[in-house]
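Chemist: According to the numbering used here, the stretch in the sequence shown is residues 270 to 492, in order.
For every residue, glycine included, the Cβ atom is placed at its ideal position computed from N, Cα and C.
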Amino acid sequence: MNLFEIIGPVMTGPSSSHTAGAVRIGNAALNLFGKKPEEAVIKLYNSFSKTGKGHGTDKALIAGLLGFAPDDVRIINASREAENAGLKISVEFMGNNPDYHANTAEIILYHGSEKMVVLGKSIGGGRIVITQVDGYETKYTGEYHGLMTIHDDVPGVVSVVTGCLAQMGVNIAFMRMYRKRKGSKVMMIIDTDNPIPPAVKDILSNNRHIYKTVILPRNEDEE
270 MNLFEIIGPV
280 MTGPSSSHTA
290 GAVRIGNAAL
300 NLFGKKPEEA
310 VIKLYNSFSK
320 TGKGHGTDKA
330 LIAGLLGFAP
340 DDVRIINASR
350 EAENAGLKIS
360 VEFMGNNPDY
370 HANTAEIILY
380 HGSEKMVVLG
390 KSIGGGRIVI
400 TQVDGYETKY
410 TGEYHGLMTI
420 HDDVPGVVSV
430 VTGCLAQMGV
440 NIAFMRMYRK
450 RKGSKVMMII
460 DTDNPIPPAV
470 KDILSNNRHI
480 YKTVILPRNE
490 DEE
């Protein structure tokens, strides 16, 4: 455990797990969706459900979906900010689910016909893990710059993506691929040491085997 995990990030209180972590779950869901949602359904589980209202967890998640940072003073008025931004929000307190971490939120995002379901947990010190995206089991933390692709499970696609990053001077730190079964579509999340140029998305979007490309920013407090 490092010092950051002990003292937590600069944030609007009261809790790094229930506030800063919740904001970052919202940030991560927004980033993975790749566009501003028109509607969001937020479901809180376990400790998030029990004490989330008093700790402002619901407001923190909404703030994250609006792209606010954990120390943004607008968090306290996040519901009003969402209304002003045209983002329809509903929050459900789901009670206990023994299959989930104590601080778990499920976020369902909509934009037109598009939908994404994100499951995330706040693990302390403002740190998070996104454990599921549209049924794919994941381990996304937002601690690095990154790239997400959805692509066919065929030879050569991974080398196209990594080759494109290499040509753009982007160094890969970690790379994880997730699939539900052999031959199904694959979700790939690549963590990188430096920001990914927007041109990468344009290049990869022209590949017939790649259905979605999203550039992922790094958490603002990570060094």
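#1: For N440 and A468, what's the separation of their Cα atoms in angstroms?
#2: In angstroms with no decimal places, state the Cα-to-Cα distance between Y369 and K449.
#3: May I ask which residues mark the beginning and end of the beta strand (DSSP E) holding H372?
#4: Should R293 be labelled buried (16 or more other beta-carbon atoms within 10 Å of its own) or exposed?
#5: Which residue or residues does DSSP assign as beta-bridge partners of N315?
#6: Measure the Cβ-Cβ separation of V483 and M437 and say whether it is below 7 Å.
#7: Considering only residues of the same chain and omitting the five flanking positions on each side of L388, which have a CB-CB separation below 6 Å?
#8: Just the C-alpha distance for T326 and G425, rounded to the nearest angstrom, thanks.
#9: Is A338 close to the ligand PLP? I mean its beta-carbon at under 6 Å from any heavy atom of the ligand.
#10: The beta strand (DSSP E) that contains K454, what's its start and end?
Modeler: Taking the structure as given:
#1: 16 Å
#2: 20 Å
#3: Reading the sequence as shown, one finds Asn at residue 372 and not His. It spans 372-380 - the beta strand (DSSP E) in which N372 sits, taken as one unbroken run.
#4: buried
#5: N372
#6: no
#7: E375, T400, Q401
#8: 43 Å
#9: Summarising the ligand content, the structure contains no ligands, and the ligand PLP is consequently not present.
#10: K454 -> no beta strand (DSSP E), and no H or E assigned at all.
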